[in-house]
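Chemist: Residue numbers (this note's numbering): 142 to 457.
This is the structure, below, for whatever I ask next.
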Amino acid sequence: MRSYSLIAPAKINLYLEIIGDRPDGYHELAMILQSIDLADQIEVRSLSTDNIRVHCHHPQVPTDKSNLAYRAAELMATQFPDAFSNYGGVEITIKKQIPVAAGLAGGSTNAAAVLVGIDLLWHLGLTQSELEELGATLGSDVPFCIAGGTAIATGRGEQLAPLPNLAPIHLVLAKYRSLEVSTPWAYKTYRQQFGSTYIRDSDNLAARASAVHSGAIVKAILNQDAAEISQKLHNDLERVVLPAYPQVLQLRELFATQPGVLGTMMSGSGPTVFAIAQSLQLAEAIKLNVRQAIPDEDLELFVTRTTTHGIQIVPI
Ligand code: ATP
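Encoded structure:
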């Protein structure tokens, strides 16, 4: 085959706890990551020349080396130079559905799809853990995006422990198109304001374990209890993002008062806010209510649901 088409789902954070500082400058995290049905479509195609090319119609997505999908292809070319010279370059086409700079891992899931796609194009036969290891060098969220589903992520987010698949949970997502929150800013501000509560020695396993409070939500996931999961949603970064971005706070408060909402939270460093709905019908009603309350065209709203997979190959 000279081309593959792949589905690259976004993720939300059901849980994000900042545990401490790490010697490498990142933060020690405890997260629960969840794939959702909102997805980009990625096509990877072999070229007869040795270039890497990226096409994307979305105005906020770069097509040069700063695109994470480009960097994924470049990484494969450096790691597997023989395959690169055998099979030639790669053309990547991204059909964007996932809002950009949203806290939904849009770039990371594109990169994950390119790793999976090139593995197929070049007949490399890499294992999931080999792909995850490569992904971790591109970004903390990339390894999760490969297999997706529901997982506990620790370290800087790249160390994964899968959780059992959840039966679909209906969601409403809200994001202002023009609003971006810088992830480095959010973590830096959190460190400035709340760094005194960190554990300092992140190599101390016992100290690290006692600092993590995700037990209750993990139990709710194991029990497949959507109502309990919704009650235990948590994101430390809300403490810095909500006060600084009144629009995000407003969405969060509006969701919380809607009939049929079981729980609501910001995803990652934002600015996307999601609500867990009791049913698909109620999710549609919540979307409609929010649209009526905020008729601003800049506000994007999506009804979606949790999914059990990461990157998938589209059968031709
Ligand atoms: P995360 O949840 O992993 O922090 P995000 O969802 O907040 O990621 P992205 O959608 O990945 O953010 O976009 C972050 C920045 O990366 C944007 O400013 C965008 O221009 C750039 N970018 C690079 N490659 C891509 C890509 N393939 N898709 C989307 N954005 C990309």
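Beta carbons are placed, not taken as given, at the ideal position from N, Cα and C, and that holds for glycine.
1. Quick one: complete alpha helix (DSSP H) runs, 4+ long, within the region 145-220?
2. Between 153, 148, 145 and 442, which lies nearest to residue 410 when the distance is taken from Cα to Cα?
3. Looking only at DSSP bridge pairs, what is residue 303 linked to?
4. What's the C-alpha gap between residue 247 and residue 408?
5. Do residue 404 and residue 419 have their C-beta atoms within less than 8 Å of each other?
6. Taking only three categories from DSSP, how would you classify residue 353?
7. State the Cα-Cα distance for the pair residue 452 and residue 148, rounded to the nearest angstrom.
8. Count the other CB atoms within 10 Å of the CB of residue 305; is the residue buried (16 or more) or exposed (fewer)?
9. Using the Cα positions of residue 412 and residue 268, report the straight-line distance between them to the nearest angstrom.
10. Taking the C-alpha atoms as reference points, what is the distance between residue 312 and residue 155?
11. Count the other C-beta atoms from every protein chain shown that fall within 10 angstroms of the C-beta of residue 335, then say buried if there are 16 or more, exposed otherwise.
12. Please state the DSSP three-state secondary structure of residue 316.
13. Let me make sure I understand the geometry here. Which of 150, 423 and 389 has the alpha-carbon closest to that of residue 440?
14. Could you pull the start and end residues of the beta strand (DSSP E) that residue 414 belongs to?
15. Would residue 231 and residue 214 qualify as a contact pair, given that the criterion is a beta-carbon distance under 8 Å?
16. Quick check: does the Cβ of residue 384 come within less than 7 Å of any heavy atom belonging to the ligand ATP?
17. Taking the continuous beta strand (DSSP E) assigned at residue 310, which residues delimit it?
18. Report, in whole angstroms, the separation of the C-beta atoms of residue 262 and residue 187, which I expect to be a contact under 8 Å.
19. In this structure, what does DSSP give as the bridge partners for residue 443?
20. Going along the chain, which unbroken runs of the beta strand (DSSP E) with 3 or more residues stay wholly within the region 215-262?
21. Compute every distance between the C-beta of residue 324 and the non-hydrogen atoms of the ligand ATP, then say whether any falls below 7 Å.
22. Would you kindly work out how many angstroms separate the C-alpha atoms of residue 374 and residue 195, rounded to a whole number?
23. So, for residue 421: in the same chain, excluding its five sequence neighbours on each side, which residues have a beta-carbon less than 6 Å away from its beta-carbon?
24. Which value, in whole angstroms, describes the spacing of the CA atoms of residue 137 and residue 151?
25. Let me make sure I understand the geometry here. Which of 431, 329 and 260 has the alpha-carbon closest to that of residue 220?
26. For residue 167, which residues of its own chain have a beta-carbon under 7 Å away from its beta-carbon, when the five flanking residues on both sides are left out?
27. Please indicate yes or no: does the CB of residue 210 lie closer than 7 Å to some heavy atom of the ligand ATP?
Modeler: Let me spell this out:
1. 209-220
2. Mapped onto the sequence shown, residue 410 falls at position 269. The residue with the shortest Cα to Cα distance from residue 410 is 153.
3. Here residue 303 refers to the residue found at position 162 of the sequence shown. 292.
4. Here residue 247 refers to the residue found at position 106 when the sequence shown is read from its first residue. Here residue 408 refers to the residue found at position 267 when the sequence shown is read from its first residue. Put simply, the backbone Cα of residue 247 is about 12 Å away from that of residue 408.
5. By 1-based counting over the sequence shown, the position of residue 404 is 263. By 1-based counting over the sequence shown, the position of residue 419 is 278. Not a contact, by the Cβ cut-off of 8 Å.
6. By one-based count along the sequence shown, residue 353 stands at place 212. If DSSP states are grouped into helix, strand and coil, residue 353 belongs with coil.
7. Residue numbering aside, residue 452 sits at position 311 when the sequence shown is read from its first letter. Residue numbering aside, residue 148 sits at position 7 when the sequence shown is read from its first letter. Using only the alpha carbons, I get a separation of about 6 Å.
8. By one-based count along the sequence shown, residue 305 stands at place 164. Per the 10 Å Cβ criterion, exposed.
9. On the sequence shown, position 271 is the one that residue 412 refers to. On the sequence shown, position 127 is the one that residue 268 refers to. Their backbone Cα atoms lie some 34 Å apart in a straight line.
10. Stepping through the sequence shown from its first residue, residue 312 is reached at position 171. Stepping through the sequence shown from its first residue, residue 155 is reached at position 14. Rounded to the nearest angstrom, the two C-alpha atoms are 12 Å apart.
11. Looking up residue 335 in the sequence shown gives position 194. Flag for residue 335 reads exposed.
12. If you number the sequence shown from 1, residue 316 lands on position 175. Residue 316 falls in the strand class under three-state DSSP.
13. The residue you call residue 440 lines up with position 299 of the sequence shown. Closest by alpha carbon: 389.
14. One-based indexing of the sequence shown puts residue 414 at position 273. Where residue 414 is concerned, the enclosing beta strand (DSSP E) stretches over 414-418.
15. Working through the sequence shown from its first residue, we reach residue 231 at position 90. Working through the sequence shown from its first residue, we reach residue 214 at position 73. Yes, Cβ-Cβ distance for residue 231 and residue 214 is below 8 Å.
16. Here residue 384 refers to the residue found at position 243 of the sequence shown. No, since every heavy atom of the ligand ATP falls outside the 7 Å radius drawn around the Cβ of residue 384.
17. Position 169 of the sequence shown, counted from the first residue, corresponds to residue 310. It is not in any beta strand (DSSP E) - residue 310 carries neither H nor E in the DSSP assignment.
18. As a first step, residue 262 must be located in the sequence shown, where it is residue number 121. As a first step, residue 187 must be located in the sequence shown, where it is residue number 46. Rounded, the Cβ-Cβ distance is 6 Å, consistent with contact.
19. Residue mapping note: residue 443 aligns to position 302 of the sequence shown, counting from 1. Beta-bridge pairing links residue 443 to 314.
20. 231-236
21. Along the sequence shown, read from residue 1 onward, the residue named residue 324 stands at position 183. Checking every heavy atom of the ligand ATP against the Cβ of residue 324, one is found closer than 7 Å.
22. The residue given as residue 374 occupies position 233 in the sequence shown. The residue given as residue 195 occupies position 54 in the sequence shown. Distance between the alpha carbons of residue 374 and residue 195 is about 36 Å.
23. Residue 421 sits at position 280 when you count from the first residue of the sequence shown. Around residue 421: 311.
24. Residue 137 cannot be examined here, being either before or after the span of the chain that is shown, 142 to 457.
25. For the purposes of this step, residue 220 is taken as residue 79 along the sequence shown, with counting starting at 1. Looking at the Cα atoms, 260 is the closest of the given residues.
26. Taking the first residue of the sequence shown as 1, we reach residue 167 at position 26. These residues qualify, in order along the chain: 297.
27. As a position in the sequence shown, residue 210 is number 69, starting the count at 1. Indeed, a heavy atom of the ligand ATP lies less than 7 Å from the Cβ.
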